[in-house]
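To start, the structure under review is shown below, and the notes come after it.
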Amino acid sequence: MIRIQENVQLKPFNTFGIPANARYFVSIQAVDDLFELQQADIFKNEVRLILGGGSNVLFTHDIDGLVIHNNLKGIQVSHETDETITLKVASGEVWHTFVMHCVQHNWGGIENLSLIPGTVGAAPMQNIGAYGVEVQEVIEKVEGIELLSGSVQVFDKAGCRFGYRESIFKQELKEKNFISSVTLTLTKKNHLLRTGYGAIQDTLREMNVTAPTIQSVSEAVIHIRSKKLPDPRVLGNAGSFFKNPTITQQHYVSLKSEWPTMPGYSSENQSVKVPAAWLIEQCGWKGKRLAGAGVHQHQPLVIVNYEHATGEEILSLAMQVRASVKERFDITLTPEVNII
Ligand code: FAD
Ligand code: EPU
217 MIRIQENVQL KPFNTFGIPA NARYFVSIQA VDDLFELQQA DIFKNEVRLI LGGGSNVLFT
277 HDIDGLVIHN NLKGIQVSHE TDETITLKVA SGEVWHTFVM HCVQHNWGGI ENLSLIPGTV
337 GAAPMQNIGA YGVEVQEVIE KVEGIELLSG SVQVFDKAGC RFGYRESIFK QELKEKNFIS
397 SVTLTLTKKN HLLRTGYGAI QDTLREMNVT APTIQSVSEA VIHIRSKKLP DPRVLGNAGS
457 FFKNPTITQQ HYVSLKSEWP TMPGYSSENQ SVKVPAAWLI EQCGWKGKRL AGAGVHQHQP
517 LVIVNYEHAT GEEILSLAMQ VRASVKERFD ITLTPEVNII
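Here my numbering is used: the first residue of the sequence shown is 217, the next is one more, and so on.
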């Protein structure tokens, strides 16, 4: 039985810690709750916003509509062989708790994605990635409920149209499809460990690990992340505010002649991916603070809520950062965070 609450404060439901009021708020505990919700007038008449852990959203105003908060729980084994295990995971499970469950069982494939906040259901939304791994690599299918019709939709990997921090769910299906479960296949033996990322290698060395395991890679990632990224419980943030941009080879060569230390990594179609953190730092923003909002002192791609910042203040700072990067490098940064 669903209960639609009125005037709910969303500050505890977003990792930026931004105060915003939801006119209506409903917690979804079972898939049937969604079907029940579809019959409600409030559902039919109001603007809708799906919310997981709130770790990739920026509220810039109150929500004059219905917030649908995902609390679907449960992990089922849907297939198992000697080599692999396929799990169907309810979308409201906490991603990092799920990763720890897999690491403890010695199931491989997502250990590099340890400590990413949020829910399992939001993972395919932007194809979460870190330390050389993207979640798309292990995803078999994503199940969703089309909000207006109530029909169940199943997306195989190709249907998810994954890209770098992208998917069909972040584009044309945004707020149209409630992701209800994610099915992924992990290895039980012959694990493909990804330790190529420089920081992982250095950390494993510091840990005196000569034969890495799923557990030690996960530990290394947790160690790196805890040092580099601000803990949202201490300093509000939503991870990287912008995506790392890709530019043409020509543009890169011309910038490199002026900025010889500019890093760049070859990407698809002969383009070059440039770290946004570097661009932002060169523009002098690292560690800068404007009112309650700031550019993080260790990771300039992360914008933080130092103290009582509003969503507009965070956004205004982000747009000033973006304007400087555009002016100096002629590169337009695209927000990764979902601005609401
Ligand atoms: P929310 O913020 O609640 O929602 C994000 C978007 O997804 C919204 O548009 C929402 O409407 C939609 N959505 C959520 N659930 C559903 C659903 N069930 N069905 C349909 N739509 C849905 N991301 C990375 O990729 N890599 C990182 O390394 C990383 N590091 C981070 C570090 C920190 C400290 C923080 C705060 C964030 C980081 N992030 C990172 C971003 C964030 O953790 C991920 O994007 C995460 O998947 C968001 O999950 P969420 O449940 O909090 O989503
Ligand atoms: N850099 C600087 N100055 C700094 C920090 C970094 O110039 O102060 C430059 C360096 O050249 C460094 C490069 O930026 O090598 C990359 O930095 P880092 O390894 O910290 O990674 P990132 O590109 O900033 C990306 C993801 C993160 C993910 C990490 C690890 C995006 C938008 N961000 O950050 O994801 O955890 O790599 O793989 O792709 C997120 O999406 O929210 C997120 C945190």
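Glycine included, each C-beta is placed from N, C-alpha and C at the ideal position.
So does the region 222 to 241 actually touch the region 482 to 492, counting three or more Cβ pairs closer than 8 angstroms? Because the criterion of three Cβ pairs below 8 angstroms is not met, the region 222 to 241 and the region 482 to 492 do not touch.
Could you tell me the distance, in whole angstroms, from the CA atom of glycine 560 to the CA atom of glycine 375? The chain is shown only over 217 to 556; residue 560 falls outside these bounds and no answer can be derived.
Does the region 498 to 517 come close enough to the region 535 to 552 that 3 or more CB-CB pairs lie under 8 angstroms? With contact defined as three or more Cβ pairs closer than 8 angstroms, the region 535 to 552 and the region 498 to 517 are in contact.
Quick check on DSSP: helix, strand or coil for leucine 195? Missing from the structure shown is residue 195; the chain here goes from 217 to 556 and no further.
Return the Cβ separation of threonine 401 and valine 354 in integer angstroms, given the expectation that the two are a contact with Cβ distance under 8 angstroms. In this structure, threonine 401 and valine 354 form a Cβ contact; the two beta carbons are roughly 6 angstroms apart against a cut-off of 8 angstroms.
Here's the rule: buried if 16 or more other CB atoms are within 10 angstroms of the residue's CB, otherwise exposed. What is serine 330? Residue burial annotation: serine 330 is buried, with at least 16 other C-beta atoms found within 10 angstroms of its C-beta.
DSSP puts lysine 489 in a beta bridge; with which residues? BP columns for lysine 489 point to Thr462, Tyr481.
Name the DSSP beta bridge partners of threonine 557, please? The displayed coordinates of the chain run from 217 to 556. Any statement about residue 557 would go beyond what the structure contains.
What's the call for glutamate 523, buried or exposed, on a 16-neighbour Cβ count within 10 Å? Residue environment: glutamate 523 is assigned as exposed (fewer than 16 neighbouring CB atoms within 10 Å of its CB, all protein chains considered).
Which one or two residues does DSSP pair with glutamate 327 in a beta bridge? Checking the DSSP bridge columns, you'll see glutamate 327 has no partner listed.
So, helix, strand or coil for aspartate 280, using DSSP? The three-state reading of DSSP puts aspartate 280 in strand, counting E and B together.
Tell whether a beta-carbon distance below 8 angstroms holds between glycine 281 and glutamate 262. Yes, the pair counts as a contact, with Cβ atoms nearer than the cut-off.
Using a 10 Å radius around the Cβ and a threshold of 16 neighbouring Cβ atoms, would you call glutamate 309 buried or exposed? Around the Cβ of glutamate 309, a 10 Å sphere holds 16 or more other Cβ atoms; the residue is buried.
Three-state secondary structure (DSSP) at isoleucine 447? The residue asked about is misnamed: residue 447 is aspartate in this sequence, not isoleucine. The answer is coil: DSSP assigns aspartate 447 none of H, G, I, E or B.
Option nearest valine 336 by Cα separation, candidates Ile291, Leu364, Tyr347, Gly366: Answer by Cα proximity: Ile291.
With 16 as the cutoff for other CB atoms within 10 Å, does glutamine 513 come out buried or exposed? Counting Cβ neighbours within 10 Å, glutamine 513 comes out exposed, since fewer than 16 surround it.
Looking at serine 383 and isoleucine 361, is the spacing between their C-beta atoms short of 8 angstroms? In this structure, serine 383 does not lie closer than 8 angstroms to isoleucine 361 by Cβ.
Host beta strand (DSSP E) of leucine 402 (start-end): Looking at the DSSP string, the run of the beta strand (DSSP E) that includes leucine 402 is 393 to 403.
When Asp278, Ala306, Tyr347, Asn272 are compared against isoleucine 440, the one with the closest alpha-carbon: The candidate whose alpha carbon is nearest that of isoleucine 440 is Tyr347.
Is the beta carbon of valine 433 sitting closer than 8 angstroms to the one on isoleucine 416? Isoleucine 416 is positioned such that its CB atom lies closer than 8 angstroms to that of valine 433.
Threonine 335 CB to nearest heavy atom of ligand 1 below 7 angstroms: Because some heavy atom of ligand 1 lies under 7 angstroms away, the Cβ of threonine 335 counts as near it: yes.
Of the residues Val368, Ile220, Val293, which one's Cα is nearest the Cα of aspartate 257? Checking every option, the nearest Cα to that of aspartate 257 belongs to Ile220.
Identify the residues that DSSP records as bridge partners of arginine 505: which are they? Gly510.
What residues are listed by DSSP as bridge partners for alanine 238? Beta-bridge annotation (DSSP): alanine 238 is paired with Val224, Ile279.
Rounding to the nearest angstrom, what Cα-Cα distance links glycine 414 and valine 224 in this structure? Each residue's Cα considered, the two are about 44 angstroms apart.
Proximity test, leucine 451 beta-carbon vs ligand 2 heavy atom, cut-off 7 angstroms: Every heavy atom of ligand 2 is 7 angstroms or more from the Cβ of leucine 451, so no.
Got a sec: does ligand 1 put a non-hydrogen atom nearer than 7 angstroms to the Cβ of glutamine 168? Here the chain comprises residues numbered 217 to 556, so residue 168 is not present and cannot be evaluated.
I'd like to check one pair, threonine 231 with serine 294: are the Cβ atoms closer than 8 angstroms? Against a cut-off of 8 angstroms, the Cβ pair of threonine 231 and serine 294 comes out as no contact.
Mind checking whether the beta-carbon of asparagine 460 lies closer than 7 angstroms to any heavy atom of ligand 2? Yes, Cβ of asparagine 460 sits closer than 7 angstroms to a heavy atom of ligand 2.
Span separating the alpha-carbon of lysine 373 from that of glutamine 352: Straight-line spacing of the CA atoms in lysine 373 and glutamine 352 works out to 7 angstroms.
Taking the alpha helix (DSSP H) that leucine 267 falls in, what are its first and last residues? Premise fails: leucine 267 lies in the beta strand (DSSP E), 263 to 267, not in any alpha helix (DSSP H).
Rank Thr462, Leu517, Ala454, His467 by C-alpha distance to the C-alpha of glycine 553 and give the top, closest one. The amino acid occupying residue 553 in the given sequence is valine; glycine does not appear at that position. Of the listed residues, the one whose Cα sits closest to valine 553 is Ala454.
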